[in-house]
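Quick notes on the structure that follows.
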Amino acid sequence: MIKETKVPSFGEDLLQVDVSYPPSNDVEKIKHLFAEVAEIMKKNYEDNRSPIKSLLFDNATSQIINASSAVEKVLTYKHYTENGEGI
């Protein structure tokens, strides 16, 4: 019996998310959105490559990862008091 396996898209792989499932919380929603941005960017890059566009693509990919991580931190941040209790 052949087992079919879904190959994740560039965006899914980059953000470690499976967009075939609806997001169940804000963090997953952000990952879905950034995965879509990465897919749009990759398609455009593949259609029109150049040395400078390659540098821009690499930088933008890093920025997508950074932005996703920063937004995730904002969404999950808990302020702790001096006694270690989360507010």
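Note that the numbering used here gives residue 137 to position 35 of the sequence shown, counting from 1, and the numbers run on in steps of one.
Note that beta-carbon positions come from the ideal geometry of N, C-alpha and C, so glycine has one too.
Asked: Can the beta-carbon of residue 136 be found closer than 8 angstroms to that of residue 170?; Found: yes
Asked: Given residue 126, which residues of its chain have a CB within under 6 angstroms of its CB, disregarding the five upstream and five downstream residues?; Found: none
Asked: Can you tell me whether DSSP reads residue 182 as helix, strand or coil?; Found: strand
Asked: Decide yes or no for the touch test of the segment 170-186 against the segment 146-157: beta carbon pairs closer than 8 angstroms, at least 3 of them.; Found: no
Asked: Going by beta-carbon coordinates alone, are residue 113 and residue 130 separated by less than 8 angstroms?; Found: no
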